[in-house]
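Chains as they are written, first to last, in the numbering used here: chain A, 1 to 502; chain B, 503 to 903. Every residue gets a Cβ at the ideal spot worked out from N, C-alpha and C, and that includes glycine.
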């Protein structure tokens, strides 16, 4: 089946529609649509089931708005028990389920299928427990990422992973995508900041995974489910670690006249034994786009710029920034600027955090890529991305979590021009293939979703993909959970015959 | 039949052969932790001990890869030469388990054992970035990679970490490392009862001073460690590791902030190293090899209650790591004591594992908590997804797996 896919901007489809392949919808499910809606209405309150075409619209896409497909229905449960009842019902009816948090996925992780029920967790938005002595919080899946920090910051605590979408994205989605952020180098990604989950299986069973302590004996279900992109179970509650905030933090800028030089400087900082809490790298097109937007005093003549943040007391910040400045000076920086106040640090970060939007201001549309590379290969990778850019005639701006190798090339294109859109998609795929070629991976933090599904065999052998498919089958034997994502469309052997028969 | 293949492809051939024959396989490295969990009855042994060597070390990328049989000591030496260390501080349980001390990196990953730094910096499973492994049919599979951020596909690395060789035989692992600290110091407060001690640990871990380890040693445990025995009575200890000026500043601030709990002593770098090695290796409980040892993980504030209940029940010797959340317990190797550990841990909503015990005890009972029925069914199916004939370490984690 082919959903309509149109390049969009500001939520409005434009240009010539393109297509994304999904599994064939089950005709039997489409035909029973009214009965399925009625069944859901027996489980959920009146306002918790959406079936009208117009009201399904907001659910037909996510942060990867190029792809659109209205679902069969939307279910909005308010409790774990309601989730379990919906899952049991869908399982019994053979209905596919697409879980959804805030719909901010950049890889199409929440893209519906025509015969699917979208299970929206946004009404499960309560914080159930905060325990400062044991340094944990128990929250429902629909609590926003920033909502956790907001709830604990008056006591001097925070929740560490900070994806760019943190104002909107929800913790359930963070768990499903194993979200990262700019401070992973010091604090880890979502998987490193969890203690327990409450999940609902595809059959509608409620299970506790982990708890309020470290390291459950037995298989690491917590680790496996985190980042599983809705393939294994539905997450309804999350127990997260909360951390005490540092005494303070301060950022500095270092600008260089070559990408290689900046890369070598990053290596030297890490090799010196300093792990900054953040170490961000921007190339010249990105610096220019961000400066036009944030007026942060970014050096316009630089080929590459680092944002380096340290934390601790003021004296500790001075000590660390002093050590870092000494290292940077060995690489003939064009400029070194240490923030002298919280406001200056904020301005420095405003440019970086707004990088995607800033590129959006200078180009009609952009694709945000997300591969990881060994940091030592950065100069070579950026050089080859530059060559590809010239060859296909599309601009690219690069922002890079330099400490952990996570690269975000922003490919600029014009969605009104189908050829431009097609070229951008090809360019993006080529960048990700390059990431794998140099020893990296297809996605560092955005997930595979539908976007990178068909590139999975660039990174994995068929044997390895089959091993992963068998794990999914162990949780979801009939492949009802978020199908058409993560894996190339080939179904495991045990499903091919009945699917074809239906 | 013992096989110690020299490389991954030979190991894969051995496993494929065992799979074809339907023969159970005892999967091991150098067997330093063979006495953990349930004994395996197997016609064949496949060891990774001869699959050795570091295949990648990039200090500026904070990453190394090593074949499974590489001794941990070799890796630690290699890292130390570049001023780096393994983040989860893998323990050396040779004294506790009465084995030799040549543990392999594959063994550390397969058991997911972590030391005191776990409470602040995560477990071994948090730093595993990639694996190569052979599943129960003899297929070679890779998962993860050699980069620090990777969400491509299901996280098979974490699933295999801590799976005790029951899903696949790991042949190579890639781990994140960090710079070793320039200096270490410990704040030690004497004389607190367990509840006050754990409250002090909570205050320390909840401070902005990046405490990297937090433990409570009751008087009997502290008396066994010369670096703190001189304080007399129970000792509450907190470690700070950082650049030298920060260690001075942070230990001083921490001592002031915790003044209400008592006057703290600062232990220097050397004393700190020796103290936390002892805590890491559960040295206070190593003696009396005839005693069973359990490892219980609970919410930190529940640690003192669990310890007290087991002390009352069977005179348990114990101490607390991980801010109070890891309860190390020693006591008689009896079914009654084990049942008491299970009951008390379950009531505290925690997890447990019999860590040392005679083979007869380990063969006759479940050593870790049972899973809820729907999860147990998933476990069986995941096991079959890797090892359809159930030949890899059968019965090791659970009688039915």
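Minimum C-alpha distance to residue i - residue among the options
i	options	result
residue 636 of chain B	B:690, B:893, B:898	B:893
residue 408 of chain A	A:244, A:307, A:396	A:396
residue 142 of chain A	A:121, A:154, A:129	A:121
residue 279 of chain A	A:266, A:163, A:441	A:266
residue 83 of chain A	A:67, A:72, A:118	A:118
residue 642 of chain B	B:623, B:657, B:515, B:668	B:515
residue 85 of chain A	A:203, A:386, A:301	A:203
residue 248 of chain A	A:22, A:150, A:343	A:343
residue 322 of chain A	A:272, A:444, A:146, A:134	A:272
residue 291 of chain A	A:260, A:358, A:242, A:269	A:358
residue 745 of chain B	A:312, A:363, A:176, A:434	A:312
residue 508 of chain A	A:306, A:51, A:225, A:163	Residue 508 of chain A lies beyond the stretch modelled for chain A, which goes from 1 to 502, so this question has no answer here.
residue 749 of chain B	B:685, B:511, B:638	B:685
residue 73 of chain A	A:349, A:261, A:35	A:35
7 Å Cβ cutoff, residue i in contact with chain B
i	result
residue 41 of chain A	no
residue 504 of chain A	Because chain A in this structure spans residues 1 to 502, residue 504 of chain A falls outside the shown range and cannot be described.
residue 270 of chain A	yes
residue 107 of chain A	no
residue 496 of chain A	no
residue 474 of chain A	yes
residue 501 of chain A	Unreliable positioning characterises residue 501 of chain A in this predicted model, as indicated by a pLDDT of 37, which lies under 50. The coordinate reading is nonetheless provided below. No, its Cβ sits nowhere closer than 7 Å to a Cβ of chain B.
residue 378 of chain A	no
residue 144 of chain A	no
residue 471 of chain A	yes
residue 441 of chain A	yes
residue 149 of chain A	no
residue 319 of chain A	yes
residue 9 of chain A	Confidence in residue 9 of chain A is poor, its pLDDT being 37 and thus under 50, which makes the residue's placement unreliable; the coordinate value appears in the next sentence. Residue 9 of chain A does not count as touching chain B.
residue 260 of chain A	no
Where residue i meets chain B, residues with beta-carbon distance less than 7 Å
i	result
residue 484 of chain A	The contacting residues do not exist; residue 484 of chain A stays about 15 Å from chain B at best.
residue 275 of chain A	680, 681
Cβ of residue i within 7 Å of any chain A Cβ
i	result
residue 810 of chain B	no
residue 516 of chain B	no
residue 802 of chain B	yes
residue 503 of chain B	no
residue 679 of chain B	no
residue 661 of chain B	yes
residue 710 of chain B	yes
residue 636 of chain B	no
residue 777 of chain B	no
residue 539 of chain B	no
Contacts of residue i in chain A (Cβ-Cβ under 7 Å)
i	result
residue 824 of chain B	214
residue 748 of chain B	312, 316
residue 919 of chain B	Residue 919 of chain B cannot be examined here, being either before or after the span of chain B that is shown, 503 to 903.
residue 521 of chain B	Under the 7 Å cutoff, chain A gives no residues; its nearest Cβ is about 14 Å from residue 521 of chain B.
Partner residues on chain A for residue i, Cβ-Cβ distance less than 9 Å
i	result
residue 704 of chain B	132, 133, 134, 135
residue 745 of chain B	273, 274, 316, 319, 320, 323
Residue i Cβ short of 6 Å to the ligand ATP heavy atom set
i	result
residue 376 of chain A	For the structure depicted, the ligand ATP is absent and the ligand set is empty, with no information on it obtainable.
Examine the Cβ distances between the stretch 210-224 of chain A and the stretch 851-860 of chain B and report whether three or more of them are shorter than 8 Å. yes
Within 8 Å, do at least three Cβ pairs link the stretch 372-386 of chain A to the stretch 558-572 of chain B? At 8 Å Cβ cutoff, the stretches touch.
Counting pairs of beta carbons, one from the stretch 809-822 of chain B and one from the stretch 836-847 of chain B, are three or more of them closer than 8 Å? yes
Examine the Cβ distances between the stretch 47-64 of chain A and the stretch 104-116 of chain A and report whether three or more of them are shorter than 8 Å. yes
Runs of beta strand (DSSP E) lying entirely within the stretch 827-889 of chain B, each at least 3 residues, in chain order: 828-833, 853-858
Contact the stretch 615-635 of chain B vs the stretch 661-674 of chain B: 3+ CB pairs below 8 Å: yes
Could I get the ranges of all uninterrupted alpha helix (DSSP H) runs contained in the stretch 549-599 of chain B, with 4 residues as the minimum, in chain order? 574-583, 596-599
Is it true that the stretch 20-34 of chain A meets the stretch 326-340 of chain A, where meeting means three or more beta-carbon pairs spaced less than 8 Å apart? They do not touch, by the three-pair rule.
Counting Cβ pairs, one atom from each stretch, are 3 or more of them under 8 Å apart for the stretch 732-743 of chain B and the stretch 713-724 of chain B? Counting Cβ pairs under 8 Å, three or more are found: they touch.
State whether the stretch 236-251 of chain A contacts the stretch 179-198 of chain A, with contact taken as three or more CB pairs (one from each stretch) at a distance under 8 Å. Counting C-beta pairs with one atom in each stretch, the stretch 236-251 of chain A and the stretch 179-198 of chain A have three or more that are closer than 8 Å, which means they touch.
Segment contact flag, the stretch 689-700 of chain B with the stretch 576-588 of chain B, C-beta cutoff 8 Å, min 3 pairs: Using a C-beta cut-off of 8 Å, the stretch 689-700 of chain B makes no contact with the stretch 576-588 of chain B, since fewer than three inter-stretch Cβ pairs fall below that distance.
Secondary structure, beta strand (DSSP E): runs of 3+ residues fully inside the stretch 230-283 of chain A: 234-241, 249-256, 278-283
Examine the Cβ distances between the stretch 591-605 of chain B and the stretch 788-798 of chain B and report whether three or more of them are shorter than 8 Å. Yes: the two stretches touch, three or more of their Cβ pairs being nearer than 8 Å.
Quick one: any contact between the stretch 462-469 of chain A and the stretch 414-432 of chain A, if contact means 3 or more CB pairs under 8 Å? The stretch 462-469 of chain A, when compared against the stretch 414-432 of chain A, does not touch it at the 8 Å Cβ threshold.
Ordered list of beta strand (DSSP E) runs contained in the stretch 633-694 of chain B, each at least 3 residues: 642-646, 670-681, 685-692
Inside the stretch 378-403 of chain A only - beta strand (DSSP E) runs reaching at least 3 residues: Listed in chain order, they are 396-401.
Which ranges would you report for the beta strand (DSSP E) in the stretch 53-140 of chain A if only whole runs of at least 3 residues count? Given a length threshold of 3 residues, each whole run of the beta strand (DSSP E) inside the stretch 53-140 of chain A is given here in chain order: 73-75, 96-100, 116-120, 127-131, 136-140.
Touch test, the stretch 860-869 of chain B against the stretch 620-629 of chain B, Cβ-Cβ under 8 Å, three pairs minimum: Contact fails between the stretch 860-869 of chain B and the stretch 620-629 of chain B, because fewer than three Cβ pairs, one in each stretch, are under 8 Å apart.
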